[in-house]
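*Asks:*
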Amino acid sequence: MRGKPFQAGNKYGRGRPRGSRNKVTRVCQDTLDSHAENLIKKCLVLAYQGNPTAMRLCMERLMPARRQRTLQFKLPPIKTITDVAVASESVVSGVARGQLTPAEGQAFSGMLEDRRRVIETQHQEPRIRALEDLNKPSSGPR
64 MRGKPFQAGN
74 KYGRGRPRGS
84 RNKVTRVCQD
94 TLDSHAENLI
104 KKCLVLAYQG
114 NPTAMRLCME
124 RLMPARRQRT
134 LQFKLPPIKT
144 ITDVAVASES
154 VVSGVARGQL
164 TPAEGQAFSG
174 MLEDRRRVIE
184 TQHQEPRIRA
194 LEDLNKPSSG
204 PR
């Protein structure tokens, strides 16, 4: 027989519940929590003394790296396929002038392509319905 059977009255099923931490992790976390204030003070002292690792740790916590920036880039309203082409030209010009990075321009282009597909689908739907209505057999006598 492998291992010990579960205690009678075990309401959690088989093993430790998902997301719960094991005992060693809890003890380590509790130890760190009890010394957190002193550790932070020591790290700050080392950072003030010029320790590059301590400085990096402090800066990473104070100013985490931004993943993406909010763009202040104006696009015209996009309601037609022609509007998509105008907006796309605006994005290309923005990249050329340095207002947008190439990666940002690529992201904008992807969004514009998605918008073009939505507009195209909206325009095709009534046309498809009209064609389907033409192909429906009439219910009256011939």
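Sequence positions in the sequence shown follow our numbering and run 64 to 205.
C-beta atoms are modelled at their ideal positions from N, C-alpha and C, and glycine is treated no differently.
(1) Is it the case that the stretch 148-157 contacts the stretch 107-122, given that we only count it when at least three CB pairs across the two stretches are under 8 Å?
(2) Got a sec, what are the start and stop residues for the alpha helix (DSSP H) N101 sits in?
(3) For G168, which three-state DSSP category applies?
(4) DSSP three-state label for L138, please.
(5) Here's a check: name, in chain order, each residue in its chain whose Cβ is nearer than 7 Å to the Cβ of D146, leaving out the five neighbours to either side.
(6) Which of the three DSSP states is assigned to P189 in this structure?
*Replies:* In short, the structure shows the following:
(1) Below 8 Å, too few C-beta pairs join the stretch 107-122 and the stretch 148-157 to call them touching: fewer than three.
(2) Here the alpha helix (DSSP H) through N101 covers K86 to Y111.
(3) Three-state result, G168: helix.
(4) DSSP places L138 in coil when its eight states are reduced to three.
(5) In the same chain as D146, and ignoring 5 residues on each side of it, the C-beta atoms closer than 7 Å to its own belong to P139 and P140, in chain order.
(6) P189: helix per DSSP, three-state reduction.
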